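**Q**
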Amino acid sequence: MPRDATSSSAAGPRPPSKTRDEEDRRPTLKAKKAEALLHHGRRESGKSISSEGSIHVKSEDPDVEMPDAAPSVTDTSEPKHSLQKDKREEEQRKQSELEARSRETKRKEEEKRRRDGMLAAVQARKREEEDHRRKEEEDRERERKRKEEEEQRRLEEEERKQREEEQRVHREQKRKLEEAERRRREEEERKQKEEEERKKREEEERLRREQLEREEAEKKEQERKEAERRRAAREAERAAKEADERRLHLEQERARLAKLPPVLRWLDSTADFLYIIPTIQHLRNVKLTLTYCELPENEQQSIIWTPRQKWKHDPDTDGPRGFAPSNKHYVNGELVSEGRSNLREASTSPFPRQRIARRGLVAVLRENLAFTRVTEEQRSYDEPMVDVESSVLPNGVHTSPTAARVQEHNNGITRTQ
Numbered sequence: 001m002p003r004d005a006t007s008s009s010a011a012g013p014r015p016p017s018k019t020r021d022e023e024d025r026r027p028t029l030k031a032k033k034a035e036a037l038l039h040h041g042r043r044e045s046g047k048s049i050s051s052e053g054s055i056h057v058k059s060e061d062p063d064v065e066m067p068d069a070a071p072s073v074t075d076t077s078e079p080k081h082s083l084q085k086d087k088r089e090e091e092q093r094k095q096s097e098l099e100a101r102s103r104e105t106k107r108k109e110e111e112k113r114r115r116d117g118m119l120a121a122v123q124a125r126k127r128e129e130e131d132h133r134r135k136e137e138e139d140r141e142r143e144r145k146r147k148e149e150e151e152q153r154r155l156e157e158e159e160r161k162q163r164e165e166e167q168r169v170h171r172e173q174k175r176k177l178e179e180a181e182r183r184r185r186e187e188e189e190r191k192q193k194e195e196e197e198r199k200k201r202e203e204e205e206r207l208r209r210e211q212l213e214r215e216e217a218e219k220k221e222q223e224r225k226e227a228e229r230r231r232a233a234r235e236a237e238r239a240a241k242e243a244d245e246r247r248l249h250l251e252q253e254r255a256r257l258a259k260l261p262p263v264l265r266w267l268d269s270t271a272d273f274l275y276i277i278p279t280i281q282h283l284r285n286v287k288l289t290l291t292y293c294e295l296p297e298n299e300q301q302s303i304i305w306t307p308r309q310k311w312k313h314d315p316d317t318d319g320p321r322g323f324a325p326s327n328k329h330y331v332n333g334e335l336v337s338e339g340r341s342n343l344r345e346a347s348t349s350p351f352p353r354q355r356i357a358r359r360g361l362v363a364v365l366r367e368n369l370a371f372t373r374v375t376e377e378q379r380s381y382d383e384p385m386v387d388v389e390s391s392v393l394p395n396g397v398h399t400s401p402t403a404a405r406v407q408e409h410n411n412g413i414t415r416t417q
């Protein structure tokens, strides 16, 4: 009969667990051992059942007929005795079968109880091992959670300390920035006050200088107006004198021409003059230039000197493109060229800038006491300052090179190019 797994396992103490792998393998080995014991028990029970099934109750040997034997006196009671014997044998056989069934039932019940006990022991062992493993896992889980909580608390503590340190640094930086901002504002306010005081002093000085310059300018303006009035008076006197001289000259010229014979009156016509030029030896192949000029017709025009612009009524007015007639050049009485206004392309850049010391729009003369100061204030190191006495037009722009006028003399005749 197999050993009880519970008694055999409980006989000796369980060795302590070394590693987790040994603990995991131990339940597997125990389960395999319990299954082997159950299989061995089933095999033993099968053998016992088969052996009990093969057991037969040996009945008594049947009567052998003996023909040569003499008939017995009990021959009449032999059938009855055989029947009783058969009945007894049948009862014995049934009793044996009942006993065998009873023993088989008891054996099966015992085997079942033993199997149930082994299964219960195995299950109890498994439950115990599961409980032990679960307890260990719970212990490990609690330890892990405890460590995680400790780590979490440590990290939270470090974060709290770091936040406190950052807040402290931030407060310190903020305090320093506020202190620097306060000092900067104080410095700016101080500089602003100094700047305002300086500007106030400069403004007072500027107003004082402007007052002096204004008084000086008014004085000079009065002097200029007085000089202009005197110059205008002199100009009027000179113009009247020149008008008288021209009138006298014209009267003398008319008187002289009136005294000339009619044959010399050809000088009054340009066409006649050009017609006789080839006949004059010293005027041949000489380029003559005729200039258009409108002379005053009376003394009133000579005083006012208002141009009449008679050229606008000439037939060839469109020739000079709407301008007054220019110089005409003749050789041997024939027209060879004529001065015309040419088309020019406007330049994209102005004339070179010439900087002049000015007070507003008025140029400062060198004789002015403030000339040096104004020049120094308006001086630019990359653009030189030009003296106001330079050759400039009234608007401050220099004359262009093409505006130069050249006087040439050919055989006593003056021409302008």
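Mapping to the UniProt record's numbering: the sequence shown position 149 is 149, numbers consecutive.
Just so it is clear, CB atoms sit at the ideal spot from N, CA and C, and this is done for glycine as well.
Just so you know, these numbers come straight off a predicted model, no measurement behind them.
Just to confirm before moving on: does the CB-CB distance between residue 341 and residue 329 stay below 8 Å?
**A** No, these two residues do not count as a Cβ contact at 8 Å.
**Q** Where does residue 338 sit, in a helix, a strand or coil, going by DSSP?
**A** Correct three-state label for residue 338: strand.
**Q** What's the C-alpha gap between residue 299 and residue 246?
**A** Cα to Cα, the separation comes out at about 9 Å.
**Q** Could you give the distance in angstroms between the alpha-carbon of residue 82 and the alpha-carbon of residue 109?
**A** Straight-line Cα distance between these residues: approximately 39 Å.
**Q** Under a Cβ-count criterion, where at least 16 other Cβ atoms within 10 Å of its own Cβ denotes burial, should residue 121 be classed as buried or exposed?
**A** Answer is buried; the Cβ neighbour count reaches 16.
**Q** Does the Cβ of residue 364 have 16 or more other Cβ atoms within 10 Å, making it buried, or fewer, making it exposed?
**A** Looking at its Cβ environment, which holds 16 or more other Cβ atoms inside 10 Å, residue 364 is buried.
**Q** Since I believe residue 327 is in contact with residue 291 (beta carbons under 8 Å), could you give me their beta-carbon distance rounded to a whole number of angstroms?
**A** With a Cβ gap of about 5 Å, residue 291 and residue 327 count as contacting.
**Q** Please tell me whether, using a cut-off of 7 Å, the distance from the CB of residue 284 to the nearest non-hydrogen atom of the ligand NAD is below it.
**A** What this structure holds is no ligand at all, so the ligand NAD is not there to describe.
**Q** Do three or more CB pairs link the region 371 to 381 to the region 355 to 362 at distances below 8 Å?
**A** They touch, by the three-pair rule.
**Q** Could you check the C-alpha separation between residue 123 and residue 105 for me, to the nearest Å?
**A** Answer to the nearest angstrom: the Cα atoms are 26 Å apart.
**Q** Hey, how far is the Cα of residue 125 from the Cα of residue 113?
**A** The alpha-carbon atoms of residue 125 and residue 113 are separated by roughly 17 Å.
**Q** Would you give the residue range spanned by the alpha helix (DSSP H) that residue 289 belongs to?
**A** That residue, residue 289, is in no alpha helix (DSSP H); its beta strand (DSSP E) goes 287 to 290.
**Q** Based on Cα-Cα distance, which residue from 302, 301 and 325 lies nearest to residue 312?
**A** The shortest Cα separation from residue 312 among 302, 301 and 325 belongs to 325.
**Q** What number of angstroms, rounded off, separates the C-alpha of residue 96 from the C-alpha of residue 127?
**A** Residue 96 and residue 127: Cα-Cα distance of roughly 44 Å.
**Q** For the alpha helix (DSSP H) holding residue 374, just list the boundary residues, first then last.
**A** Element bounds for residue 374: 371 to 378.
**Q** With DSSP run on the structure shown, which of helix, strand or coil describes residue 282?
**A** Residue 282 falls in the helix class under three-state DSSP.
**Q** Please tell me whether residue 359 and residue 195 are closer than 8 Å, where the distance is taken between their beta carbons.
**A** Contact: no.
**Q** Tell me whether the beta-carbon of residue 294 lies closer than 8 Å to the beta-carbon of residue 284.
**A** Not a contact, by the Cβ cut-off of 8 Å.
**Q** For residue 301, tell me which candidate among 276, 239 and 187 has the shortest Cα-Cα distance.
**A** Answer by Cα proximity: 239.
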